[in-house]
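Asker: Residue numbers (our numbering), protein chains in the order written: chain G, 1 to 548; chain E, 1 to 382.
Glycine included, every Cβ here is placed at the ideal spot set by N, Cα and C.
#1: Using a Cβ cut-off of 7 Å, which residues of the stretch 340 to 371 of chain G contact any Cβ in chain E, in chain order?
#2: With which residues is residue 41 of chain E paired in a DSSP beta bridge?
#3: Between residue 130 of chain G and residue 89 of chain G, which are expected to be in contact by the criterion C-beta below 8 Å, what is the C-beta distance as a whole number of angstroms?
#4: Identify, in the order they occur along the chain, each residue of the same chain with its Cβ nearer than 6 Å to the Cβ of residue 282 of chain E, setting aside the five sequence neighbours on each side.
#5: Is it buried or exposed, residue 411 of chain G, if we count other Cβ atoms within 10 angstroms and call 16 or more buried?
#6: In chain order, which beta strand (DSSP E) runs of at least 3 residues are fully inside the stretch 98 to 183 of chain G?
#7: According to DSSP, simplified to helix, strand and coil, what is residue 30 of chain G?
#8: Under 8 Å, do residue 339 of chain G and residue 443 of chain G count as touching if we go by C-beta distance?
#9: In its own chain, which residues sit with a C-beta less than 6 Å from the C-beta of residue 144 of chain E, not counting the 5 before and 5 after it?
#10: Answer with buried or exposed for residue 147 of chain G, where buried requires no fewer than 16 other C-beta atoms within 10 angstroms of its C-beta.
#11: Do residue 118 of chain E and residue 343 of chain E have their C-beta atoms within less than 8 Å of each other?
#12: Contact criterion: CB-CB distance below 8 Å. Does residue 276 of chain E meet it with respect to chain G?
#13: Whole angstroms are fine: how far does the CA of residue 194 of chain G sit from the CA of residue 242 of chain G?
#14: For residue 215 of chain G and residue 137 of chain G, which I take to be in contact (beta-carbon distance under 8 Å), what is that distance rounded to the nearest angstrom?
#15: Could you name the residues of the stretch 152 to 164 of chain G whose beta carbon sits closer than 9 Å to any beta carbon of chain E, in the order they occur along the chain?
#16: Contact criterion: CB-CB distance below 8 Å. Does residue 328 of chain G meet it with respect to chain E?
#17: If I follow the unbroken beta strand (DSSP E) through residue 75 of chain G, where does it start and stop?
#18: When the cut-off is 8 Å and only beta carbons count, does residue 317 of chain G lie next to chain C?
#19: Classify residue 201 of chain E as buried or exposed, calling it buried when 16 or more other Cβ atoms lie within 10 Å of its own Cβ.
#20: Which whole-angstrom value is the C-beta distance of residue 553 of chain G and residue 432 of chain G, which I expect to be below 8 Å?
#21: What are the uninterrupted segments assigned as alpha helix (DSSP H) that are 4 or more residues long and contained completely in the stretch 173 to 247 of chain E, given in chain order?
#22: Of all the CB atoms in chain E, is at least one closer than 8 Å to the CB of residue 469 of chain G?
#23: So if I threshold CB-CB distances at 7 Å, which residues from the stretch 297 to 317 of chain E count as touching chain G?
#24: Leaving aside the five residues before and after residue 164 of chain G along the sequence, list all residues of the same chain whose C-beta is less than 8 Å from its C-beta, in chain order.
#25: For chain G, check one thing: does any of its Cβ atoms lie closer than 8 Å to the Cβ of residue 71 of chain E?
#26: Quick check on the DSSP output: what are the complete beta strand (DSSP E) runs of length 3 or more inside the stretch 184 to 212 of chain G, in order along the chain?
#27: Inspect the beta-carbon positions of residue 294 of chain E and residue 140 of chain E and report whether they are closer than 8 Å.
#28: What in chain G is Cβ-close to residue 365 of chain E, meaning under 8 Å?
#29: Inspect the beta-carbon positions of residue 288 of chain E and residue 347 of chain G and report whether they are closer than 8 Å.
#30: Would you report the Cα separation of residue 380 of chain E and residue 227 of chain G, rounded to the nearest angstrom?
#31: Return no unless some Cβ of chain E is closer than 8 Å to the Cβ of residue 313 of chain G.
#32: What's the C-alpha gap between residue 333 of chain E and residue 108 of chain E?
#33: Quick one: residues in its chain with C-beta nearer than 6 Å to the C-beta of residue 518 of chain G, no 5 flanking neighbours on either side, listed in chain order?
#34: Less than 7 Å between C-beta atoms, sequence neighbours within five positions excluded: which residues of the same chain meet that for residue 206 of chain G?
#35: Just to confirm, is the Cβ distance from residue 59 of chain E to residue 324 of chain E under 8 Å?
#36: Does any residue of chain G have a CB that is nearer than 8 Å to the CB of residue 408 of chain E?
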């Protein structure tokens, strides 16, 4: 017995040791390799070190030359072939340094480094560093580095430039009316699009580098003076805690910083549209952009806003309100129609009108399965079709999706595998789930549908209702950065109801949503502006009448 | 970060919480019991019971307002004990606490059982009662673990939905009801009424929760007003319920119906709606009501036990899971419907006793001049 315990202790000790070793390895990987190594006076030593560090990479370009054709003044330029803009390096660094347009240079009096820095290197963005780690980091980001013999420092010339995707239309968030520009994979382009729309000196952009290996640029955007400072602080705190080797998409960050891990509902909003980002910033939220992905994260998020489309604000308010109502209905259809079908067919056939019930029973007469199996079969096959149509190449995708659904559905009905009513239910459900403007919101509904169907199969409407109660309890408990997820409904605030199920016209929306606790509550002065506009219009009309 | 909006119950939230706690499953048998106990004077009985409850609710509110931000588990020992011997207060208040716990357990289990009975007799003819009850209890568990203010939010959210059954009742009364059935109303027979009040009082049980929940109010001063509205709302609801049942069925038929509102929905024919028969729709929407009632009581029960034994807030999960089998056993215990009705009688007795306890406590508090101040926060506001 004692032996066993000892053994287990020893075993545990070994495990601990291994764990520690792994931790150390992780820490060592990136930082310790370069460490605090300073740059040497000898060029050859530096170049050799960098080459060795990067494993003699084939795409690393090193160019050795003499400054001003003087063989005693050796210099070396290093850059990555694919990451840097070669025009900059060649025309504004190498050419002037080599002395193509020769300048008068008093060899004895001037310092070669100062001379190169101030006159010869003609690039716009140049900085001087003495640490090797900084040099390597910049080199990997696409900058060009320049060593000069005899100087223990390095010149870093900003020459980042790589081929990226042009500005495209956001595919997942298409609108009929409104800007068609989408955010870009290159962070700086995206930031540019946002700055162009929001020329506010209070717009703050904080940059972070994340990912021990990827060194991804992450930026945090907010408008100081609108956003509640505690929210920014909390987001910053959570961002700082992330310690991972790579950040490739915003979801890497989303899963680290959201309030609760176990929930099917998205606790942060994401968008591809710069106009949406600006709209959210103006509501007192925070946006997180990651280099390498066009999707921006918006925090905090509330449940209802997943059902708002940017178009709601670009179209007439009556139409927007109507469309929102449609979306709410479609939400409930997507969530519960299959389960309602199961409940009605297997538990409460007396509730549906008798003619319909007869028709449905006739349709189901040949179906060999229980309604739950029938529904699960159909729902699953639709999910498979959906998934497949995303992977299918280009233009065939949607076609195959529609054809597949039609053909398979029709064949299944003719073969007597499913009832026609079931096909209608599945079709409506699928279409309804596409009415959701947010993909992450829609996908959570797709997920919740299945447990509801099982509940309906066991307890009918009773089960569905209990499922709804459970969902409600869960939703009420959720928070996104301190903001109740069901706001503005669950903590009820009448002034926030102006932009919920109905959207009132812009002149009436005086306040920003209060549940994000904005510091600056007003969007516009209280009706005065509107009134004066109205008055102006009236007087104009009067004048017009008088002149006539 | 979490404390940014003062998380307490707003007056509206407390209204929703208490309203839904009172109107639980009792609504189903209410019209029958009123008619049986009071024959033609039902309306008066309901109104007077409402008045009666209003008075006692006001007294209970007064008691809680003397000790703002304190739950009863901290102020009852304070009222009964002295400053020198704190243990004396705790010792004297122990029987009261135990009584509260037992009473709450009774309320929860009877509610669940009656709703289960209704469900099984109406739709789930082949489903065992225990399955229905277990399902209900399992769903109530997360509610029981929730923070009071969150549960109040849920109540507020559900409140509009609980009005749907009354729309159906209204509709039925207009469609099939007859004014003549409501008569006679006079003369008032005081002896019948006074006896009937005791029987009908069970339907107003539920506002006892205020002794716990008042500690979580944002503003204790405004409580009295919203409490008055609670009783007014409940009385109105019951009057509507009773009158619509009476107008449709008449007195003699009503006496023999098991669940009159449910029967009304059966009688109603709504060609405009998608659904052909409304009774189960009514039942399902009523589930919301019962669920809110049960989860409110359950949550307060859990919090109460934690308060009495000074458990840390993490223990709520453990306490809830310990209580679940007890409630289940109690819900399943009555052998048949008759014994269930006996249990319901005990609930009425328990309600009366608690009213009595609260009044006595108030009197003692006034005599001994015990008063809490806001600075002495018994409850940690979260």
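Answerer: Taking the geometry as given:
#1: For the stretch 340 to 371 of chain G, which is checked against every Cβ of chain E, the residues closer than 7 Å are 347, 348, 350, 351, 352, 353, 354.
#2: In the second chain, residue 41 of chain E corresponds to position 41, counting from 1. According to DSSP, which records beta bridges pairwise, residue 41 of chain E is partnered with nothing at all.
#3: Here residue 130 of chain G is taken as the residue at index 130 of the first chain, counted from 1. Here residue 89 of chain G is taken as the residue at index 89 of the first chain, counted from 1. The beta-carbon distance between residue 130 of chain G and residue 89 of chain G, rounded to whole angstroms, is 22 Å. This is too long to meet the 8 Å contact definition.
#4: As a working mapping, residue 282 of chain E is identified with position 282 in the second chain. Counting only Cβ-Cβ distances below 6 Å, and skipping sequence neighbours, we find 165, 168, 265.
#5: Walking along the first chain from the start, residue 411 of chain G turns up at place 411. With fewer than 16 Cβ atoms within 10 Å of its Cβ, residue 411 of chain G is classed as exposed.
#6: Runs of the beta strand (DSSP E) inside the stretch 98 to 183 of chain G: 126 to 129, 144 to 148, 154 to 157.
#7: Counted from its first residue, the first chain places residue 30 of chain G at position 30. The pLDDT assigned to residue 30 of chain G is 49, lower than 50, so where the model puts this residue is not dependable; a value taken from the coordinates is nonetheless given after this. Of the three classes helix, strand and coil, the one that applies to residue 30 of chain G here is helix, per DSSP.
#8: The count along the first chain starts at 1 and reaches residue 339 of chain G at position 339. The count along the first chain starts at 1 and reaches residue 443 of chain G at position 443. Contact flag unset, no.
#9: On the second chain, position 144 is the one that residue 144 of chain E refers to. Closer than 6 Å at the Cβ level, and outside the excluded window around residue 144 of chain E, lie 298, 299, 302, 320.
#10: What you label residue 147 of chain G is simply residue 147 of the first chain in a count that begins at 1. Residue environment analysis places residue 147 of chain G among the buried positions, since at least 16 neighbouring C-beta atoms fall within 10 angstroms of its C-beta.
#11: Within the second chain, numbered from 1, the residue matching residue 118 of chain E stands at position 118. Within the second chain, numbered from 1, the residue matching residue 343 of chain E stands at position 343. In terms of Cβ geometry, residue 118 of chain E and residue 343 of chain E do not form a close pair [threshold 8 Å].
#12: Locating residue 276 of chain E in the second chain gives position 276, where the first residue counts as 1. Yes, residue 276 of chain E counts as interfacial toward chain G.
#13: Here residue 242 of chain G refers to the residue found at position 242 when the first chain is read from its first residue. Here residue 194 of chain G refers to the residue found at position 194 when the first chain is read from its first residue. Near 25 Å, if we compare the C-alpha coordinates of residue 194 of chain G and residue 242 of chain G.
#14: As a position in the first chain, residue 215 of chain G is number 215, starting the count at 1. As a position in the first chain, residue 137 of chain G is number 137, starting the count at 1. With a Cβ gap of about 7 Å, residue 215 of chain G and residue 137 of chain G count as contacting.
#15: Residues passing the 9 Å Cβ filter: none.
#16: By 1-based counting over the first chain, the position of residue 328 of chain G is 328. Not closer than 8 Å to any Cβ of chain E, the Cβ of residue 328 of chain G fails to qualify, so no.
#17: Counting from 1 along the first chain, the entry for residue 75 of chain G is found at position 75. Segment 74 to 80, the beta strand (DSSP E) holding residue 75 of chain G.
#18: Structure shown: chain C not included; protein chains present are G and E.
#19: On the second chain, residue 201 of chain E is found 201 positions in, with the first residue counted as 1. A residue is called buried once 16 or more other Cβ atoms fall within 10 Å of its Cβ, and residue 201 of chain E is buried on that count.
#20: Summary: the structure shown does not reach residue 553 of chain G, with chain G confined to residues 1 through 548, and so no result is reported for it.
#21: Qualifying alpha helix (DSSP H) stretches, in chain order: 190 to 200, 210 to 213.
#22: Position 469 of the first chain, counted from the first residue, corresponds to residue 469 of chain G. At least one chain E Cβ lies under 8 Å of residue 469 of chain G.
#23: The stretch 297 to 317 of chain E vs chain G, Cβ under 7 Å: nothing.
#24: Indexing the first chain from 1 puts residue 164 of chain G at position 164. Cβ neighbours of residue 164 of chain G within its own chain (closer than 8 Å, five residues either side excluded): 184, 185, 186, 189.
#25: Here residue 71 of chain E corresponds to residue number 71 of the second chain, with the count starting at 1. Not closer than 8 Å to any Cβ of chain G, the Cβ of residue 71 of chain E fails to qualify, so no.
#26: Taking only runs of at least 3 residues, the beta strand (DSSP E) segments lying wholly in the stretch 184 to 212 of chain G are 203 to 210.
#27: The count along the second chain starts at 1 and reaches residue 294 of chain E at position 294. The count along the second chain starts at 1 and reaches residue 140 of chain E at position 140. Cβ atoms of residue 294 of chain E and residue 140 of chain E: closer than 8 Å.
#28: Residue numbering aside, residue 365 of chain E sits at position 365 when the second chain is read from its first letter. By Cβ distance, chain G contributes nothing, its closest Cβ being about 33 Å from residue 365 of chain E, past 8 Å.
#29: In the second chain, the residue the question calls residue 288 of chain E occupies position 288. In the first chain, the residue the question calls residue 347 of chain G occupies position 347. The Cβ atoms of residue 288 of chain E and residue 347 of chain G lie no closer than 8 Å to each other.
#30: Residue 380 of chain E sits at position 380 when you count from the first residue of the second chain. Residue 227 of chain G sits at position 227 when you count from the first residue of the first chain. In this prediction, residue 380 of chain E has a pLDDT of 42, which is less than 50 and means its spatial position is unreliable; nothing more can be read from the coordinates.
#31: Mapped onto the first chain, residue 313 of chain G falls at position 313. Cβ-Cβ to chain E under 8 Å: no for residue 313 of chain G.
#32: For the purposes of this step, residue 333 of chain E is taken as the residue at position 333 of the second chain. For the purposes of this step, residue 108 of chain E is taken as the residue at position 108 of the second chain. Cα-Cα distance, rounded: 13 Å.
#33: Counting from 1 along the first chain, the entry for residue 518 of chain G is found at position 518. Its chain contains 226, 284, 512 as the residues whose beta carbon lies nearer than 6 Å to that of residue 518 of chain G, once the 5 sequence neighbours on both sides are disregarded; these appear in chain order.
#34: Numbered from 1 along the first chain, position 206 holds the residue referred to as residue 206 of chain G. Closer than 7 Å at Cβ, skipping near neighbours: 219, 220.
#35: By one-based count along the second chain, residue 59 of chain E stands at place 59. By one-based count along the second chain, residue 324 of chain E stands at place 324. The criterion of a C-beta distance shorter than 8 Å is not satisfied by residue 59 of chain E and residue 324 of chain E.
#36: Beyond the ends of chain E as shown, which are 1 and 382, falls residue 408 of chain E; an answer cannot be given.
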